[in-house]
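First the structure, in the form of structure tokens, and then the observations on it.
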Amino acid sequence: MREEALALAREKADPAQKLNVLREYVQACVLRSLHESEAFLCLSFVGGTALRFLYNLPRFSEDLDFSLEMKAAYEPIQWMEKVKRDLAAAGFDVSATWNERKTVHVAWFRFAGLLQQAGVSGMAGQKLTIKLEVDTRPPAGAVTATEIVNRHHLMFALRHHDLPSLMAGKVHALLVRPYPKGRDWYDLLWYRAQRPPVEPNRTLLQNALDQTEGDGTYDAKDWRALVRQRLASLDAATLRTDVAPFLERPVDARWLDIPNLESLLDVQTGGAGD
């Protein structure tokens, strides 16, 4: 499997695309291992990488994010040990660390040699890093589903948040993140460009906002107006520069501009979004 990952990366000319392909292959290996551990009885896959694996978002993503849905069978250390064993058996030189001192538990998997061998880096000591996060106190209100995914000849079942719930997480990030990320705004563009446009799960969004910002600070019903307020302070060129290296077609970053975002926000679906 390691050689297949390297072969896929070497097919790309651009170092950023080599890294994207290499990282995503390893992400699939991690997800397959978690599936085999029955981790998705407890976890839901969320975030940008979930959007890519499950809904074919044309943007690569860096981290693996999960929401803890059931604490009773939560055995993260055993799962991470199995992930490490499986990756080593697949030929990867990998180390792993686990931190559960905070509400969001974090694992780091670091892979030696891959970046140099794939032509991403000229430095032998530079490592590919995969970050895995589990929110152990997620806001209530998410709707989940389970789907089978086949990626790089690996088949596994993923429990995940549905599209409106995933979008609620994205809108929450847009509103509370202290700095703008092009990837966030590109994802919003993608959600709203779907037909019909995706509406956020307002129950989940409200609970998330109340949890992080305090009860009553924001009203999820006003999410469009709140997002527009953020739009007013954005520099679109900076957003495009941020997201372009992660796109399947970097040229598609051109669609990320303020008029397009405003226009897509104006589209009404007639649904309550909750």
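Residue 117 in the numbering used here sits at position 106 of the sequence shown, and the numbers go up by one each step. No residue lacks a Cβ here, since even glycine has one placed at the ideal position from N, Cα and C.
Contacts around residue i, its chain only, beta-carbon distance under 6 Å, and the 5 residues preceding and following it disregarded
i, result
"Val-154", "Asp-173 and Ser-176"
"Pro-189", "none"
"Gly-282", "Here Gly-282 scores only 49 on pLDDT, less than 50, and its place in the model should not be relied on; the value that follows carries that caveat. Here the set comprises Glu-210."
"Val-117", "Asn-110 and Glu-144"
"Ala-24", "none"
"His-171", "Ser-55, Phe-56, Ala-61 and Leu-65"
Candidates the options: closest to residue i by CA position
i, options, result
"Lys-113", "Gly-130, Asp-146, Leu-139 and Ala-83", "Asp-146"
"Ile-141", "Gly-133, Thr-249 and Leu-75", "Leu-75"
"Val-254", "Tyr-229, Val-182, Gln-240 and Trp-201", "Trp-201"
"Leu-126", "Glu-111, Asp-104 and Trp-109", "Asp-104"
"Glu-14", "Asp-25, Gln-28 and Val-32", "Val-32"
"Gly-152", "Phe-122, Ala-231, Asn-161 and His-163", "Ala-231"
"Gln-205", "Trp-119, Arg-34 and Leu-272", "Leu-272"
"Val-262", "Ala-243, Pro-69 and Pro-26", "Pro-69"
"Asp-97", "Thr-223, Leu-165 and Gly-136", "Leu-165"
"Arg-203", "Thr-223, Gln-222, Ala-179 and Thr-214", "Ala-179"
"Lys-95", "Val-37, Ala-243 and Pro-149", "Val-37"
"Gln-240", "His-116, Ala-264 and Leu-276", "Leu-276"
"Ala-243", "Gln-279, Val-41, Trp-196 and Ala-118", "Trp-196"
"Gly-124", "Lys-23, Gln-28, Ala-184 and Leu-139", "Leu-139"
"Val-278", "Phe-77, Pro-207 and Leu-245", "Pro-207"
"Ile-159", "Ala-39, Leu-19 and Ala-16", "Ala-39"
Contacts around residue i, its chain only, beta-carbon distance under 7 Å, and the 5 residues preceding and following it disregarded
i, result
"Tyr-85", "Cys-53 and Leu-79"
"Trp-234", "Val-182, Pro-211 and Leu-216"
"Lys-192", "Asp-253"
"Tyr-229", "Leu-186, Leu-220 and Leu-237"
"Asn-218", "Pro-150, Ala-151 and Gly-152"
Sheet register partners of residue i (DSSP bridge)
i, result
"Ser-244", "Looking at the DSSP assignment, Ser-244 forms no beta bridge with any residue, so it has no partner."
"Asn-161", "Met-166"
"Glu-144", "Asp-76 and Val-117"
"Phe-56", "Phe-77 and His-171"
"Ala-156", "His-171"
"Leu-258", "Arg-70"
"Val-105", "Phe-122"
Under the three-state DSSP convention, the category residue i falls into
i, result
"Ala-129", "helix"
"His-183", "helix"
"Asn-110", "strand"
"Ser-48", "coil"
"Ala-135", "coil"
"Phe-122", "strand"
"Thr-228", "coil"
"Asp-285", "Any reading at Asp-285 must be qualified, since the residue scores a pLDDT of 47, below 50, and its modelled position is unreliable; the value itself is stated next. The answer is coil: DSSP assigns Asp-285 none of H, G, I, E or B."
"Leu-68", "coil"
"Val-94", "helix"
"Leu-267", "coil"
"Val-278", "coil"
"Glu-86", "coil"
"Tyr-197", "helix"
"Asn-31", "helix"
"Asn-212", "coil"
"Pro-26", "helix"
"Tyr-36", "helix"
"Tyr-190", "coil"
"Gln-217", "helix"
"Gln-222", "helix"
"Arg-63", "helix"
8 Å Cβ shell around residue i - same chain, five flanking residues per side excluded
i, result
"Ser-274", "none"
"Lys-82", "Cys-53 and Thr-147"
"Arg-21", "Lys-29, Ala-129 and Gly-130"
"Arg-260", "Pro-69"
"Arg-194", "Gly-59, Arg-70, Ser-72, Asp-253, Val-254 and Phe-257"
Legend entry - Three-pair Cβ contact test at 8 Å for the stretch 41 to 55 versus the stretch 87 to 101: Segments in contact, yes.
Inset, instruction - Please confirm if the stretch 235 to 250 is in contact with the stretch 258 to 273, defined as three or more CB-CB distances below 8 Å between the two stretches. - result: yes
Inset, instruction - Would you be able to state if there are at least three C-beta pairs under 8 Å between the stretch 128 to 136 and the stretch 57 to 68? - result: no
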